[in-house]
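Residue numbers (the numbering used here), protein chains in the order written: chain A, 1 to 361; chain B, 1001 to 1402; chain C, 2001 to 2496.
One structure below.
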Amino acid sequence: MGKTDRLSERQLTVLLFVSLLSPMIRILPTAAVVFAGRAAWLSPPVALAMAGVPLALTRAARRRANPGEGLAELIIRGLGKVGGRIFCAAAALWLTFYGGFIARSAAERLLATVYPNGGPGIFIAVMLGVALITGSGLTKNLARTAEVLMPVLVAVIAVVLFSAAPDVETVNLLPVTLRDGPGILFGALPIFNVLTAFEYFLFLSGHVEQNGAKKPRRFPWMPTLAAVALAVTFFTLGTLGEALSVSMENAFFMLIRNIRIFGVVERVESVVVAIWIVTDFIFLGAVIMVVSEIWRSVTGVKRRQAFVPPTAALSGAAAFLITGGAFELQRWSDTLIPAINMSFTVILIPGALLITMLRKK
Amino acid sequence: MRRAAIPALAGALAVLLTACSPGLTIFSNYRSLENLELVRTVTADTAREGVHVTICSTAGEKSDARMYGRVGPSIGVALGELIHLPLGREAILSHTENLLIGEAYVKEGLAQCLDYMERFSEMRLDTGILIVRGGTAKDLVEGLTGGETPAPDAIAGLGRIAARIGRGYFFTCRQIAASLAENGCALAMSVRGEKADKLFEDRGELDIEPAGFAVLRPGEDPVFLSDEETWGALMLLGLFRSRNVDLPVGDTVLTVSVDKAGASYTPRFDGQGLAGVDIALTAQANVICMEGDGDLKDPAYREKAEKALEEALRQAAGAALDRSRVLQVDFLDLAGIVRRKAPLKFEGVADKWGEIFPELPLTVTVKAELTRTFDIVDPPAVSKGEEAKSPWEKLTDSLRDS
Amino acid sequence: MIKNKQPEVSQEAPVTAAAMEAVFSDCYDFESRELNIGGNPGNTVRLCFIDGLVSGSDVAEQVIRPLTDPGRFGANVRGEQAAAMLLGGSVYVYTSKCRRKLGEAVEDLLNGFCALIFDSQGEAVTFEVKSQQRRSVDAPKEEKVVKGAKDAFVETLKVNTTLVRRKLRNPHLKIREFTLGERARSAVALVYIDGFTNPDLVAEAGRRISAIRAEGVLTSAVIEENIVDNYRSPFPQTISTERSDKFCLNILEGRVGILADGLPLGFLAPGTFSQFMKVPEDHSGHFLVASALTILRYLSAVLTLLAPAFYVAVAMYHQEMIPTRLMQSMIESRSSVPFPTAAEVILMLLAFELLQEAGIRLPSPIGETVSIIGALIVGQSAVEARVVSPVVVVVIALAGIAGYTMPNQDMGSALRLCRFLLVLAAIFLGMFGVATGCAILVYHLAGLESYGVPYMSPFAGSEGRHLSRALLRRSMAVKRDREPELHTGRGGEAKL
């Protein structure tokens, strides 16, 4: 009964679901309302339909992977040893920077909502410390942590939205006409951007147990995540209205600012924001795990854990590099981050997988 | 790795515990509970140097409400200075229930107040905003202070019952800000101070009374609606809860409690665009008091009463609609209603709404119903000194008469 | 320096009286006497035993009497013939063994046997005549029984295995014995149902027990800390119980059980978090009531872990969460307390732990009095003297009481330890610290395994299946499945 680092397909999907809750809540509903106005609540289903394409592509590509092979090995096999390694190294560097962005934006969210006096340093330090612990551990441990916490997070969202329901005004959501179509489509792009981040987690797919005998139990993470996005957009937009939703940085957490729980708790945003930081812990831990897994594949070093401390340090440096407070962060969040992310998830990774599939033929 | 983990963790803990670098810790967010004063009401009035802000706070359960004031160039600066109170106490704004703005300050300060409340995470977005009419907000709160009921409780009490007596509705910061952003105007509850009945010594100098809605527009003085117009607006906006109304029915006066009243809208379009809006008001009421000898068992009497009620409702709704058009301020959000009902057709008139609205034909039809009399159909008998007839005698008399 | 006077004797040496006396030299309770077989002084045999371990009356009646009876043993029955007669039942003892190695004979003596040593053959016949002086089977002291069996384990291994056998009348029930301890030679038994219990689990448990390197098995930690996957974790990974019904219930669910001579406890593996939230009474009461109580225990676990930390975070950093009236009351009550909130909570937690320890260590009558006085002093007087505020007393008391609902004391202790750490995290980082602490705790628990079974199953590692098993109990009228994560076999039914 030795410690092997194998996890099931379901565990990997739960891990990526919990991880992607973090950026999803960060961008919604503002990112969708900017384009779609009061019809923004229809953008998540559209994004779900769009994300079906890269999902199908990656599934087809993974069928060509050998047992124990993750996305890095597949790409290296497909693009060649040199090209594949350069590609994977670029992805690793991008994700290292992205890890810093995750830490920085989580810290900023805490400062904006709950801890107005103070700096981001302590939060970034703690987050990276926790990511160092989780990133150094087994993949299945992080996945199990996500499994345990997922019901808690979903329950928190459900309670929050249920409490906000009486303040929802249909005037803020309707009517929706065909003219809102283009807006809904553009509003779906940021959500699509988050959904396609699942491709990064495929670098860990080498740890997935290939159990052909048993029928694997699937977790429909993408429809569930889209449903969460729809609910959050619907209730936040319905309560705050279009104008306020657009002007707020963290509209969902502004919504929470007004929620009382049966007169027992006056304001719940401290608890909700603190619970939500767990998604950032898991996301950051997973990103560091992914990066170290990529470097292991690229360099051939057997121990993945050797790459964790330098990755965490570089992510920390990136987090502190994003200085200037909320304004600088918002600029990164609106422009560079989604652009680079989409380049990888929509063009580069699917392109590499297509080449791999064609080459195999 | 394992051997390095312990010293690494110890080092991390040392950094955490040392906590000497400003900005590296969250200790700056620490507040000592016993030194806090809960601010429950904030007032803002115009001042020569900017704004005069006062806070009404309580320290403990048994402490009296205290007021502290500061003048500053803006509400943010003034409140920022007010946080630090005498005797080492600290004001906490997270429990602020209401912001009272003097009517003279609305024009220059409303937008600033709303912006401050949206940005400052300590304040709730569902803090009520009240416009103080006929005086300053500070004077009103000072006048409420001194009685057994602290001023914030008195104001909160009005908030709980204003809609139930049909005299107003406490709009929150979120609602006002959203309405201003979407429609360019908003309604807010207005209040005034009335001299208190000093029969009881446990009351302050003033009582707080509802004073109808105030129509707010950015950069303009508020315009106040009358009580009837406020009632009409409540019904048309779907915010109505209940209200007692006296109805003259023949030579009797019937007091009814209207407990349901709502409006449905039907826009009419013709070849040239929006031809008008039909507003159907429906209401239900219960009889709570009768003066005179009315016969509620008589359908004709009831029909008269219902007609009287319909007329009262029509007048109220009509008054609100007329005021809205006279002011040329769509505070009843008719534009939004038409847009929701016929979005595509509305697109054609949206740009011209400002011109169309003041002349738009609005037809108000009212349907009211008396639903119950609370178990007393006949008014209580008043003896004239003769022996009262028994129910059997009354029945035989009525059969003989018919 | 004490010189070892004992001459070297080999385990493999033939059994002789001299060798036996040499082994047990300087042992005042070692008895050795010569007996005349059949009453013939010329035909002797040496009887050896350890006084106290054997029953004197059994030795006299069942061994000495028939042996010296000329009617039973002829005067000239010697050596091999005598040994054969002894082994054949001439002596009225139900267990007899023939020992040709000194080590085996010595071990028998230490296990309550007496030995008849035939010097000429270099062998001995040993008889089990254990003393019946033992603690009687009584109700469990540490685990309250409301509606179940009241026969708890005792210190004698044989009695414990008997209790198990009485409940599990199954020929496939195996009780494999191990002898552990370099110097104590403690007997440890591994209990499982052959054909039903996962053979990999049995093999792994056996391997871990055999690998125990200790002087002896005199405390439960010797077993527990040696057979668990992660001994550094304060969370229990084996179920320990003094209730025989709970022990058998878990065997029937597919676990392996371990009993040790000298310990009135049974250990069960693997142990998962959800198992520590269950009590055997859940199977005695109505399934709906049992389910509600199980959910209550989970809530209690959360309460005992988080209540003090939550209070500290809210009172220090997040006062906006407190309703207005309660806030006013708290400000009022704290206005004359000299200590900051953090110090108040830590002092109260420490006081609570001190009271608890004092209550355990002191003899019962004094312990109860101290607990009452402590509660009065801490609870009542400290509040009246305004040393602490009433809210803190309520929070700490609530957390403490919630902790006492934990069915397993080890789990309760682990949660108490984590409670302190979370309070520290709350002091320094507020609600963020509490969330961080909880995340690390959950990660630690999620990373634990017990014999290959994830510690947090069925919440994690079970593919989202069987979640209801952790929280709810199905009616016994519905067919009850075994624990799926234990991978039990289909055999092991109580028939051959």
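Each residue gets a CB set at the ideal place from its N, CA and C atoms; glycine is no exception.
For the stretch 2176-2202 of chain C, list every residue whose C-beta sits within 8 Å of some C-beta in chain A, in sequence order.
Result list: D2200.
Take the Cβ of P44 (chain A) as the centre, count every other Cβ of all protein chains shown within 10 Å, and call the residue buried at 16 or more, exposed below.
Here residue 44 (chain A) refers to the residue found at position 44 of the first sequence. Counting Cβ neighbours within 10 Å, P44 (chain A) comes out buried, since at least 16 surround it.
Closest residue to R1372 (chain B) among B:K1394, B:T1255, B:A1320 and B:Q1315 (Cα-Cα distance):
Here residue 1372 (chain B) is taken as the residue at index 372 of the second sequence, counted from 1. Comparing Cα-Cα distances from R1372 (chain B) to each of B:K1394, B:T1255, B:A1320 and B:Q1315, the minimum goes to B:T1255.
Whose C-beta lies closer than 6 Å to the C-beta of A1104 (chain B) among residues of the same chain, with five residues either side of it excluded?
Taking the second sequence and counting its residues from 1, the one referred to as residue 1104 (chain B) is at position 104. If you ignore the 5 residues before and after A1104 (chain B), its C-beta comes within less than 6 Å of the C-beta of T1046, all in its own chain and listed in chain order.
Residues in its own chain within less than 7 Å of T2341 (chain C) by CB, not counting five upstream and five downstream?
Within the third sequence, residue 2341 (chain C) is the residue found at index 341, counting from 1. Same-chain partners within the cutoff: V2312, A2315 and M2316.
Give the DSSP-derived three-state secondary structure of R1192 (chain B) in the structure shown.
For the purposes of this step, residue 1192 (chain B) is taken as the residue at position 192 of the second sequence. In the structure shown, R1192 (chain B) sits in a strand (DSSP, three-state: E or B).
Any non-hydrogen atom of the ligand PLP within 7 Å of V1277 (chain B) CB:
For the structure depicted, the ligand PLP is absent and the ligand set is empty, with no information on it obtainable.
Where G1072 (chain B) sits in the DSSP three-state scheme:
As a working note, residue 1072 (chain B) is residue 72 in the second sequence. The answer is strand: DSSP assigns G1072 (chain B) an E or B state.
Runs of beta strand (DSSP E) wholly within the stretch 1214-1261 of chain B (minimum 3 residues, chain order):
Counting whole runs of 3 or more residues, the stretch 1214-1261 of chain B contains the beta strand (DSSP E) stretches 1243-1249.
Own chain, CB closer than 6 Å to P1391 (chain B), minus 5 neighbours either side, in chain order
Indexing the second sequence from 1 puts residue 1391 (chain B) at position 391. Cβ neighbours of P1391 (chain B) within its own chain (closer than 6 Å, five residues either side excluded): none.
Secondary structure at I1208 (chain B), three-state DSSP: helix, strand or coil?
Mapped onto the second sequence, residue 1208 (chain B) falls at position 208. In the three-state DSSP reduction, I1208 (chain B) falls in the strand class (E or B).
Among the candidates C:N2036, C:T2238, C:L2421 and C:D2261, whose CA atom is the shortest distance from the CA of R2185 (chain C)?
Here the question's residue 2185 (chain C) lines up with position 185 in the third sequence. Residue nearest to R2185 (chain C) within the set C:N2036, C:T2238, C:L2421 and C:D2261 is C:D2261 (criterion: CA-CA distance).
Pull the bridge partners of H2466 (chain C) from the DSSP assignment, please.
Stepping through the third sequence from its first residue, residue 2466 (chain C) is reached at position 466. H2466 (chain C) pairs with nothing; no bridge assigned.
Kindly indicate which three-state DSSP category K1984 (chain C) falls into: helix, strand or coil?
The structure shown does not extend to residue 1984 (chain C), since chain C is modelled only from 2001 to 2496, so the question has no answer here.
Beta-carbon proximity of E147 (chain A) to Q305 (chain A), cut-off 8 Å:
On the first sequence, residue 147 (chain A) is found 147 positions in, with the first residue counted as 1. On the first sequence, residue 305 (chain A) is found 305 positions in, with the first residue counted as 1. In this structure, E147 (chain A) lies away from Q305 (chain A), with their beta-carbon atoms at least 8 Å apart.
8 Å contact criterion, which V33 (chain A) and E242 (chain A) should meet: CB distance rounded
The count along the first sequence starts at 1 and reaches residue 33 (chain A) at position 33. The count along the first sequence starts at 1 and reaches residue 242 (chain A) at position 242. Going by Cβ atoms, the distance from V33 (chain A) to E242 (chain A) rounds to 6 Å, so yes, they are a contact pair.
Straight-line Cα distance separating V273 (chain A) from F253 (chain A):
Numbered from its first residue, the first sequence carries residue 253 (chain A) at position 253. Numbered from its first residue, the first sequence carries residue 273 (chain A) at position 273. Between the alpha carbons of F253 (chain A) and V273 (chain A) lies a distance of about 8 Å.
With 8 Å set as the bound, which would you pick, yes or no: does the beta-carbon of P1022 (chain B) sit closer than that to a beta-carbon of chain C?
As a working note, residue 1022 (chain B) is residue 22 in the second sequence. Since pLDDT at P1022 (chain B) reaches only 39, below the 50 mark, its modelled position is unreliable, and no value is offered.
Cα-Cα separation between N367 (chain A) and C88 (chain A), rounded to whole angstroms:
For residue 367 (chain A) there is no data in the structure shown, the boundaries of chain A being 1 and 361.
Neighbouring residues, chain B, relative to T311 (chain A) (Cβ below 7 Å)
Looking up residue 311 (chain A) in the first sequence gives position 311. By Cβ distance, chain B contributes nothing, its closest Cβ being about 14 Å from T311 (chain A), past 7 Å.
Could you tell me which residues DSSP puts in a beta bridge with V2188 (chain C)?
Taking the third sequence and counting its residues from 1, the one referred to as residue 2188 (chain C) is at position 188. Note: V2188 (chain C) is bridge-paired with C:F2178 and C:A2260 in the DSSP secondary-structure output.
Check the Cβ of M2456 (chain C) against every Cβ in chain A and list those closer than 9 Å, keeping chain order.
By 1-based counting over the third sequence, the position of residue 2456 (chain C) is 456. Neighbours of M2456 (chain C) in chain A, taken as residues at a C-beta separation under 9 Å, are given in chain order as R144, T145, E147 and V148.
To be precise: take each residue of the stretch 1092-1108 of chain B, compare its Cβ to all Cβ atoms of chain C, and keep it if any distance is under 7 Å. Which residues remain?
Across the stretch 1092-1108 of chain B, CB contacts with chain C closer than 7 Å involve I1092, S1094 and H1095, in sequence order along the chain.
For the stretch 253-269 of chain A and the stretch 55-62 of chain A, state whether three or more C-beta atom pairs, one from each stretch, are separated by less than 8 Å.
Too few Cβ pairs lie closer than 8 Å, so no.
3-residue-minimum beta strand (DSSP E) runs that sit fully inside the stretch 1088-1151 of chain B, ordered along the chain:
The stretch 1088-1151 of chain B contains these whole beta strand (DSSP E) runs: 1090-1092, 1098-1102 and 1128-1132.
Kindly identify the DSSP beta-bridge partner or partners of P2484 (chain C).
Sequence index remark: in the third sequence, residue 2484 (chain C) carries index 484 (1-based). Note: P2484 (chain C) is not bridge-paired with any residue in the DSSP secondary-structure output.
Would you say I277 (chain A) lies against chain C (beta-carbon separation less than 8 Å)?
Taking the first residue of the first sequence as 1, we reach residue 277 (chain A) at position 277. I277 (chain A) counts as touching chain C.
Under a CB-based cut-off of 8 Å, is D1293 (chain B) close to chain A?
As a position in the second sequence, residue 1293 (chain B) is number 293, starting the count at 1. It does not; no Cβ of chain A falls within 8 Å.
Residues of chain C with a CB under 7 Å from the CB of T134 (chain A): which are they?
As a working mapping, residue 134 (chain A) is identified with position 134 in the first sequence. Those are Y2443, listed as they occur along chain C.
Out of B:D1064, B:R1243, B:M1235 and B:P1073, which one is the CA nearest neighbour of E1049 (chain B)?
One-based indexing of the second sequence puts residue 1049 (chain B) at position 49. Nearest option by C-alpha distance: B:P1073.
Since V1132 (chain B) and L1100 (chain B) are thought to touch, with beta carbons under 8 Å apart, how far apart are those beta carbons, to the nearest angstrom?
On the second sequence, position 132 is the one that residue 1132 (chain B) refers to. On the second sequence, position 100 is the one that residue 1100 (chain B) refers to. Yes, they are in contact, since the Cβ atoms of V1132 (chain B) and L1100 (chain B) sit about 5 Å apart, within 8 Å.
K1367 (chain B): which of B:A1312, B:R1243, B:D1351 and B:A1319 sits nearest, CA to CA?
Here the question's residue 1367 (chain B) lines up with position 367 in the second sequence. Of the candidates B:A1312, B:R1243, B:D1351 and B:A1319, the residue whose Cα lies closest to the Cα of K1367 (chain B) is B:A1312.
What are the residues that DSSP puts in a beta bridge with I1055 (chain B)?
Walking along the second sequence from the start, residue 1055 (chain B) turns up at place 55. According to the DSSP secondary-structure assignment, I1055 (chain B) is paired through a beta bridge with B:V1042 and B:Y1068.
If you draw a straight line from the alpha carbon of G1076 (chain B) to that of G325 (chain A), how long is it in whole angstroms?
Taking the second sequence and counting its residues from 1, one reaches residue 1076 (chain B) at position 76. Taking the first sequence and counting its residues from 1, one reaches residue 325 (chain A) at position 325. Here the alpha carbons of G325 (chain A) and G1076 (chain B) stand approximately 21 Å from one another.
Buried or exposed: D1197 (chain B), going by 16 or more other Cβ atoms within 10 Å of its Cβ?
For this step, residue 1197 (chain B) is matched to residue 197 along the second sequence. The Cβ neighbour count for D1197 (chain B), taken over all protein chains shown within 10 Å, is under 16; the residue is labelled exposed.
So M2411 (chain C) packs on F2235 (chain C), CB below 8 Å; how close in whole Å?
Numbered from 1 along the third sequence, position 411 holds the residue referred to as residue 2411 (chain C). Numbered from 1 along the third sequence, position 235 holds the residue referred to as residue 2235 (chain C). Correct: roughly 7 Å between the Cβ atoms.
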